């Protein structure tokens, strides 16, 4: 993903000279950070409920 961001920035810089590629690269980084925040919230909630970091013991995900 980082190489794609570098390509977006480079092509926008040396191509048309606008900020479109740079803004899109920042948008991709922000979305990735949001995904990490959601995953961390899920893991912390499971840990608070089961008091174990072992996901094999967390059977509350079964419907």
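Residue numbers (the numbering used here): 1 to 63. For glycine and all other residues, C-beta sits at the position ideal for the given N, C-alpha and C. Quick caveat, the model's predicted, so the values are computed rather than measured.
Point to revise | For residue 23, the three-state DSSP class (helix, strand or coil) | key: helix
Review point. Looking at the structure shown, is residue 13 part of a helix, part of a strand, or coil, going by DSSP?
Key: helix
Check your understanding: Counting contacts by CB-CB distance shorter than 8 Å, is residue 5 in contact with chain D?
Key -> Absent from the structure: chain D. Only one protein chain is present.
Check your understanding: For the putative contact between residue 21 and residue 8, defined by C-beta atoms under 8 Å, what is the C-beta separation to the nearest angstrom?
Key -> Indeed they touch by this definition, with Cβ atoms about 4 Å apart.
**Study point:** Neighbourhood of residue 13 by C-beta distance below 8 Å, restricted to the same chain and skipping five residues each side
**Key:** So the list reads 21, 22, once near-sequence residues are dropped.
Practice item. Please report how far the alpha carbon of residue 40 lies from the alpha carbon of residue 48, in whole angstroms. Key: 12 Å
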